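Residues 0 to 169, numbered by numbering that gives the first Met the number 0, are exactly what the sequence shown covers, in order. C-beta: ideal position from N, C-alpha, C; glycine also. Note that the coordinates shown come from a computational prediction; the quantities given were computed from them, not determined experimentally. Please read the structure below before turning to the comments.
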Amino acid sequence: MSENTINLRKNPSRKECEKIIKKILITEVLERGTNQHFKTASDFMNYFQSLYPASDSLTKQVQRAVKALQMPKDERGYFIINKTEAQLNQDKEIAFIMKKTNASLEPFSEYETMFLKCDGAYKDYLYQLLTESETFADKIITMINSSNGIILFTNNKHQLEIMVNSLINR
């Protein structure tokens, strides 16, 4: 009998139960966008009992499988299949800090880029000065310090070019 064939005469192993539970939850998430039905091991029993004879050992095997999967639960108490407890805690911390910093996604396509080629020991110092500059504060959206210069992002490339060139040609 192949590994994927379900044997209806005996109870599945804990590993088989884990695979089945994962498939059930992944299907649930793909169909509904979130798990809306499974909070405890007993919520899986109807499915398992449709494939295997109902017994205390089947119930215990499903309970062991659920426990072994160590799935976190969402705020409503439903299992989350695609994250560990650590990932869930990290996501909560990221969400908290995003709210604290008023984070928002900005369409990057609206910004223009310029490359300020510069090298030598003073490149990092130039980057720092540009970061702290009141003159450039409203002209440069953000910068990336790169190996051969500084990448500048702006929403007015022409004006920034004039300002940079006026300083280069001083």
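Distance, Cα to Cα, SER41 vs ASN101?
-> In the sequence shown, counting from the first residue as 1, residue 41 sits at position 42. In the sequence shown, counting from the first residue as 1, residue 101 sits at position 102. Cα to Cα, the separation comes out at about 42 Å.
So, is ASN10 buried or exposed, given that buried needs 16 or more other C-beta atoms within 10 angstroms?
-> Your numbering for residue 10 matches position 11 in the sequence shown. Burial call: buried.
Classify MET136 as buried or exposed, calling it buried when 16 or more other Cβ atoms lie within 10 Å of its own Cβ.
-> Start at 1 with the first residue of the sequence shown, and residue 136 comes out as number 137. The sequence given here places Ala at residue 136; Met does not occur at that position. With a threshold of 16 other beta carbon atoms within 10 Å, ALA136 falls short and is exposed.
Might you give, ordered along the chain, the residues of its own chain that have their beta carbon closer than 8 Å to the beta carbon of ILE23, omitting 5 neighbours on each side?
-> Counted from its first residue, the sequence shown places residue 23 at position 24. Correct list, in chain order: PHE37, PHE43, TYR46.
Contact belief for ILE79 with ASN144 at Cβ below 8 Å, rounded distance in angstroms | Reading the sequence shown from its first residue, position 80 is the one you call residue 79. Reading the sequence shown from its first residue, position 145 is the one you call residue 144. Wrong, their Cβ atoms sit about 38 Å apart, outside the cutoff.
Does DSSP put MET70 in a helix, a strand or coil?
-> Along the sequence shown, one-based indexing puts residue 70 at 71. Here DSSP, grouped into helix, strand and coil, assigns MET70 to coil.
Drop a sphere of 10 angstroms on the beta-carbon of THR153, count the other beta-carbons inside from all chains shown, and report buried for 16 or more, exposed for fewer.
-> By one-based count along the sequence shown, residue 153 stands at place 154. Label assigned to THR153: buried.
Could you have a look at ASN6 and say whether DSSP puts it in helix, strand or coil?
-> The sequence position of residue 6 within the sequence shown is 7, counting from 1. Because ASN6 sits at a pLDDT of 48, beneath the cut-off of 50, its placement in the model cannot be relied upon, and the following sentence gives the value as read from the coordinates. DSSP places ASN6 in coil when its eight states are reduced to three.
Starting from ILE149, trace the beta strand (DSSP E) both ways and give me its first and last residue.
-> Position 150 of the sequence shown, counted from the first residue, corresponds to residue 149. Looking at the DSSP string, the run of the beta strand (DSSP E) that includes ILE149 is 148-153.
Would ALA53 pass as a contact of ARG13 if the rule is Cβ separation under 8 Å?
-> To locate residue 53, count along the sequence shown from 1; it is residue 54. To locate residue 13, count along the sequence shown from 1; it is residue 14. Not closer than 8 Å, so no.
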